[in-house]
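Participant: Letter 102 of the sequence shown, counting from 1, is numbered 101 in numbering that gives the first Met the number 0, and no numbers are missing.
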Amino acid sequence: MSIELLMFKNIDELFKYIDDEINRVRSLLSEYFRRLDELRIKVERIKKLEKSISSIAGGAIKSSEGKEIDLMGIKVVIDPSYEQEVNFIEEAAKSLQDRLTVLQKIRKAIEPLSTIEDADIEVLIMNGVPVRIHIRIR
């Protein structure tokens with residue numbers, strides 16, 4: 000879990016921070032989806048090849064999966080298969096999609112604060128998402 004405390008001189012700076020974070024997450028998601036599309040094409044090609052070879056060989060042929068090692072709770076996969084890579088990126092994309100949704104909801108929810116003037120804004124950010132806002136009137 001990552002926790003940060005950010006200071007903003009006004010509410011517009013906070014809006015800009017959230018908007019920039021939304022744009023950054025969208026950009027990352029776009030890249031992940033592009034990679035997923037490429038990998039899914041490769042997975043389908045491999046499945047077709049395996050099916051063709053298995054019909055010739057007379058038995059099922061299965062691609063090997065990368066070897067997974069657990070290092071103190073961190074899973075390390077050596078030479079992952081394309082399917083393992085797809086699952087890996089899908090997991091990251093799902094998490095980012097959830098974060099994007101939360102950021103968009105927060106941005107909409109705090110829109111009424113746009114009328115605040117002469118205030119310092121302090122925001123508690125947890126895992127990249129604002130969870131608490133302190134407004135100090137100057």
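C-beta atoms are modelled at their ideal positions from N, C-alpha and C, and glycine is treated no differently.
Exposed or buried, which one is Ile10 when buried takes at least 16 other CB atoms within 10 Å?
Facilitator: Buried, because 16 or more other Cβ atoms sit within 10 Å of the Cβ of Ile10.
Participant: Is the beta carbon of Leu95 closer than 8 Å to that of Ile21?
Facilitator: No, the Cβ-Cβ distance between Ile21 and Leu95 is not below 8 Å.
Participant: So the alpha helix (DSSP H) Glu30 belongs to, where does it begin and stop?
Facilitator: Residues Ile10 to Ala56.
Participant: For Gly58 and Tyr31, I'd like the C-alpha separation in whole angstroms.
Facilitator: About 35 Å.
Participant: Which residue wins for smallest C-alpha separation from Ile148, given the options Ile17, Leu5 and Val42?
Facilitator: Residue 148 falls outside the range modelled here, since the chain spans only 0 to 137, and no answer is possible.
Participant: Go ahead and label Pro129 buried or exposed: buried means 16 or more other beta carbons lie within 10 angstroms of its beta carbon, across all protein chains shown.
Facilitator: Buried.
Participant: By the three-class DSSP mapping on this structure, what secondary structure does Asp97 have?
Facilitator: Residue state, collapsed to three classes: helix.
Participant: Please name the residue in Met6, Val24 and Glu12 whose C-alpha comes closest to that of Gly127.
Facilitator: Residue Val24 is the option with its Cα nearest to Gly127.
Participant: Below 8 Å, can you find three or more Cβ-Cβ pairs linking the segment 70-77 to the segment 112-119?
Facilitator: As far as the Cβ criterion goes, the segment 70-77 does not touch the segment 112-119, which means the pair count is below three.
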